[in-house]
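To keep things clear, I will list the structure first and then write my remarks on it.
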């Protein structure tokens with residue numbers, strides 16, 4: 013009786029799961045990929061889907077950033093400037109979307125117009141763009157604001173290219189096409205028949221793992237061919253596994269600390285510089301098992317990144333604090349006019365490295381006499397925007413489109429959309445204005461260097477680390493080379509062992 | 002008469018809960034329009050803000066808003082998720098079956114084993130079964146099921162490869178269902194045993210023994226219904242616990258159920274999803290409650 | 050006869066309170082040169098991934114865990130008992146209202162309540178304890194009500210009433226003393242549960258603050274090292290188990 017009931021129970025479970033997980037038989041064994049993130053939907057104009065769709069190898073942009081951090085053509089061939097607000101973009105011939113329709117000037121124009129109308133992030137750099145198809149492979153683009161390097165604009169993730177169908181759905185041109193999609197959970201991908209090399213491309217099952225431990229275990233249990241974003245603590249153990257290969261790579265995300273210039277204690281630049289000098293970045297790197305001390309705002313592999321690691325000098329920091337009027341009492345605690353120097357340092361759990369760094373930062377500021385209270389918030393964007401913090405540990409990709417201007421403009425310009433620190437400096441804004449008319453990448457790098465110098469001086473932000481991420485690979489994908497942070501997890505060439 | 006009364010109570014409770022939940026969620030400090038604009042990357046101009054406010058009726062009085070939401074809800078329009086932009090009802094329809102499978106299977110397995118184990122524990126106090134079940138009860142209360150899950154994952158899944166916990170068939174569900182069942186089993190066993198022993202202390206039990214009934218038979222004949230009654234009462238609390246545990250296990254095993262969805266929705270302040278989740282779980286627990294009440298009513302007159 | 054083994058439980062609680070005032074090392078002091086050190090003379094339980102002394106963190110964590118338990122007990126048990134006794138004494142429609150409200154509390158998922166509260170107010174022992182306590186108030190109310198009703202029917206209570214003992218006197222002198230042992234048994238059984246529920250909240254990604262440890266948060270923090278340095282997770286787990294077991298034994302009758 014018991015056994016029969018139990019059997020019934022199991023069969024019910026089986027049926028339920030079969031109904032829920034109906035899979036379609038594949039000709040080839042699908043490659044299994046796991047990561048901590050996945051697209052929330054297939055509408056490229058909604059939210060940050062554009063970024064996720066490009067990351068999954070489903071969609072492409074007109075221009076893109078390659079593994080060396082250089083802006084290169086992708087769907088477009090070239091872009092020529094006609095005048096301040098007008099450009100001519102020439103598309104590559106012979107490209108088609110996954111349903112066979114050609115990537116034509118008209119299709120691209122219609123899609124990008126749709127995105128512009130529905131997604132605010134697309135408007136950040138050039139305002140509203142207008143598209144006019146001159147012939148099937150040429151588009152005339154009119155920008156609302158002058159844009160010196162439109163290739164960088166088109167490499168931004170909201171401007172993913174797609175074909176807008178009559179029913180409102182979208183088709184894409186990337187190496188993989190969507191076969192089945194469970195939002196927020198799993199995608200089944202097959203090779204896009206209209207993308208070069210489709211015969212050699214195996215189908216891929218891409219799964220989201222919210223828990224890093226589970227991701228590691230799935231890899232170890234032989235259930236994943238590619239595990240993207242492994243926690244640093246497990247790397248040592250995984251490296252000993254003969255079935256697996258672990259590769260680490262530097263990413264464009266930078267770990268930094270926003271210093272809220274609006275808070276009374278931090279309004280004085282000397283206090284902020286003291287904090288910047290007090291932080292021992294090498295120690296932070298040890299604490300999170302990897303990464304290099306930051307050289308400035310950009311990851312070291314970008315051509316415009318700084319060369320010298322940010323300095324650490326506890327004595328100079330103490331001197332700065334004394335200068336600013338914060339004197340150390342007998343117990344070491346700093347005081348000014350009777351008020352102790354107490355700061356709240358925040359981090360968010362979506363980046364576990366930041367959470368790991370919190371206690372280390374606290375311990376590093378303690379000898380300076382600064383009392384630190386730590387707090388974790390999950391709605392980081394809300395809190396940062398409201399300005400309700402002293403120091404905020406943050407992870408940011410500072411050059412997603414291969415150009416240094418975007419981050420500086422959107423985060424540190426007076427009144428900018430992502431200016432969480434309240435930093436406002438006319439000198440700085442003037443340096444940034446130099447970007448508007450400069451198209452030569454070498455000269456833009458120079459402007460970026462000057463801007464960073466100013467940031468080091470005024471210290472509204474402290475650049476902490478250039479982190480390193482890890483991927484785990486089974487024998488089937490041992491040839492996978494990770495690059496492009498998490499913007500290009502799947503692409504045309506993923507090193508399949510064929 | 003009883004089923005009708007229970008149904009009425011269920012509906013009334015559901016309405017009350019929906020009102021309270023709506024009130025709490027409306028009172029939350031973050032502005033849903035601001036969240037939606039940021040989450041969906043909409044242009045933050047006056048037209049969009051006004052449009053969203055009108056669509057959600059944010060400027061109308063509380064009761065009117067509640068009424069509007071309620072009427073939409075019962076018609077199946079559960080709103081659009083801030084995070085994914087998809088209709089909430091659809092998300093639930095896709096994810097609920099998996100969660101229910103895990104929770105119900107676990108909860109159903111537990112009493113199956115709890116009754117025999119509890120019986121033996123009561124029959125031989127301080128015997129092996131008694132001490133084992135007591136240890137188990139303390140164990141499941143002290144050790145979080147996630148920790149146990151991690152260890153089992155490693156031992157069974159990685160080292161011994163007995164199960165494949167991340168595959169998309171029923172073997173992937175064995176561990177989560179087992180963990181849920183284990184916890185409920187431990188609790189229900191002890192409750193069943195405790196009530197059996199209570200009966201064993203009653204005078205009429207000694208009378209039964211004196212009349213020549215074996216201890217086991219006497220325990221079963223006089224104690225079982227009573228202990229079952231107690232066990233069924235505890236079932237309500239276990240069901241409530243199972244809701245939370247299933248969510249944690251879904252996150253751990255990467256199962257696309259409603260629990261995992263909820264956790265991410267809370268982080269994103271996804272109010273439509275929160276509201277719907279409260280309603281769905283409340284409904285489920287209320288239905289379970291009603292079932293338990295009916296069960297108890299049927300058992301009631303049979304108690305010793 | 051019920052045996053109440055109070056001594057171990059008291060000792061455990063005392064230790065938890067001592068931990069708030071004194072620890073062998075500064076629980077926040079990091080020492081990256083001495084990470085994952087095994088138990089030694091200087092560090093009785095070893096050090097964790099940042100070189101912090103595990104014993105010191107455990108002691109500070111004990112106090113915070115006690116706060117969680119205290120909040121849950123205070124709100125859940127005391128609140129529940131008050132409502133339950135009130136319902137039993139008042140009777141009639143007032144009792145029905147209290148009981149229906151209690152049932153409603155049972156039905157609202159603990160998880161959502163706790164997650165929402167902690168999302169709004171941050172995850173710390175007090176908010177989590179309050180949220181978990183509120184979630185537990187329902188069952189306690191019903192339980193206390195059933196107990197109180199049964200007691201009210203007892204002959205000695207009827208006698209007291211006949212003698213003219215009024216409401217509050219009745220409650221304090223007759224009901225409460227007779228209910229306490231059973232209620233405490235319930236609490237004892239749930240002590241470990243509250244701590245692990247808190248650990249589950251931390252696990253669900255609410256981000257327990259690593260520089261303000263409590264046992265549940267330590268479980269969450271150290272689970273990344275479960276396979277390479279399993280001892281780290283054992284200590285807080287053991288601590289929770291010991292507290293749960295002693296409280297259980299102290300108040301559980303058989």
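Chains as they are written, first to last, in our numbering: chain A, 13 to 510; chain B, 2 to 305; chain C, 50 to 303.
Quick reminder that beta carbons are idealized off the backbone N, C-alpha and C, glycines included.
Keep in mind it's a predicted model, so treat the numbers as computed, not measured.
Q) For residue 193/A, does the three-state DSSP call read helix, strand or coil? A) strand
Q. Among all the DSSP beta bridges, which residues are the ones paired with residue 404/A?
A. 270/A and 358/A
Q: Flag residue 154/B as yes if its beta-carbon sits less than 8 Å from any beta-carbon of chain A, otherwise no.
A: yes
Q) Under 8 Å between the Cβ atoms of residue 492/A and residue 405/A? A) no
Q.
Please state whether the Cβ-Cβ distance between residue 477/A and residue 305/A is less than 8 Å.
A. yes
Q | Identity of the residues DSSP links to residue 84/A by a beta bridge | A | 76/A
Q. Using a C-beta cutoff of 8 Å, does residue 219/A count as contacting chain B?
A. yes
Q.
Cutting at 7 Å between CB atoms, please list the residues of its own chain near residue 73/C, excluding the five before and the five after it.
A. 102, 104 and 105
(Q) For the pair the segment 98 to 106 of chain A and the segment 139 to 154 of chain A, tell me if three or more CB-CB distances fall below 8 Å. (A) yes
Q. Given residue 243/B, which residues of its chain have a CB within under 6 Å of its CB, disregarding the five upstream and five downstream residues?
A. 104, 108 and 181
**Q.** Range covered by the beta strand (DSSP E) that runs through residue 395/A
**A.** Not the beta strand (DSSP E): residue 395/A falls in the alpha helix (DSSP H), residues 392 to 398.
Q. Quick one: what does DSSP say residue 509/A is sitting in, helix, strand or coil?
A. coil
(Q) Based on DSSP bridge pairs, tell me the residues matched to residue 143/A. (A) 153/A
Q: Report the rounded CA-to-CA distance for residue 59/A versus residue 69/A, giving the unit in angstroms.
A: 18 Å
**Q.** Nearest to residue 229/C (by Cα), restricted to the options 126/C, 277/C and 285/C
**A.** 126/C
Q | Inter-residue Cα distance where the pair is residue 135/C and residue 55/C | A | 29 Å
Q.
Just to confirm before moving on: does the CB-CB distance between residue 153/C and residue 17/B stay below 8 Å?
A. yes
Q) Could you give the residue range of the beta strand (DSSP E) that holds residue 386/A? A) 383 to 388
**Q.** Cβ pair residue 250/C, residue 167/C closer than 8 Å
**A.** yes
Q: Pull up the DSSP beta-bridge partners for residue 265/A, would you.
A: 409/A
(Q) If we define contact as Cβ-Cβ less than 8 Å, is residue 268/C a contact residue for chain A? (A) no
Q.
Does residue 156/B pass the burial test, meaning 16 or more other C-beta atoms within 10 Å, or should it be called exposed?
A. exposed
Q.
With a threshold of 7 Å on Cβ separation, who are the neighbours of residue 286/B within its own chain once the five nearest residues in sequence on each side are excluded?
A. 240 and 241
Q) What number of angstroms, rounded off, separates the C-alpha of residue 26/B from the C-alpha of residue 20/B? A) 10 Å
Q) What do you reckon, are the CB atoms on residue 310/A and residue 358/A nearer than 8 Å? A) no
Q. Given a limit of 9 Å on CB to CB distance, which residues of the segment 463 to 479 of chain A reach chain C?
A. none
(Q) Once the 5 residues before and after residue 60/B are set aside, which same chain residues still bring their CB inside 8 Å of it? (A) 54
Q. Can you name, in chain order, every residue of its own chain whose Cβ lies under 6 Å from the Cβ of residue 483/A, other than the five neighbours on each side?
A. 240, 259 and 494
**Q.** Per-residue DSSP class, three states only, for residue 276/B
**A.** helix
Q: Just mark residue 129/B as buried or exposed, buried being the case when its beta carbon has 16 or more other beta carbons within 10 Å.
A: exposed
Q. In chain C, which residues lie with their C-beta within 7 Å of the C-beta of residue 347/A?
A. Result: empty, since nearest Cβ-Cβ is about 21 Å, beyond 7 Å.
Q. By the 10 Å Cβ neighbour count, where 16 or more other Cβ atoms means buried, how is residue 285/A classified, buried or exposed?
A. buried
Q. Beta-carbon separation of residue 198/A and residue 220/A under 8 Å?
A. yes
Q. According to DSSP, is residue 190/C helix, strand or coil?
A. helix
Q) In three-state DSSP terms, what is residue 492/A? A) coil
Q. Since residue 268/C is in the beta strand (DSSP E), which residue starts that stretch and which ends it?
A. Careful: residue 268/C lies outside any beta strand (DSSP E), inside the alpha helix (DSSP H) at 264 to 271.
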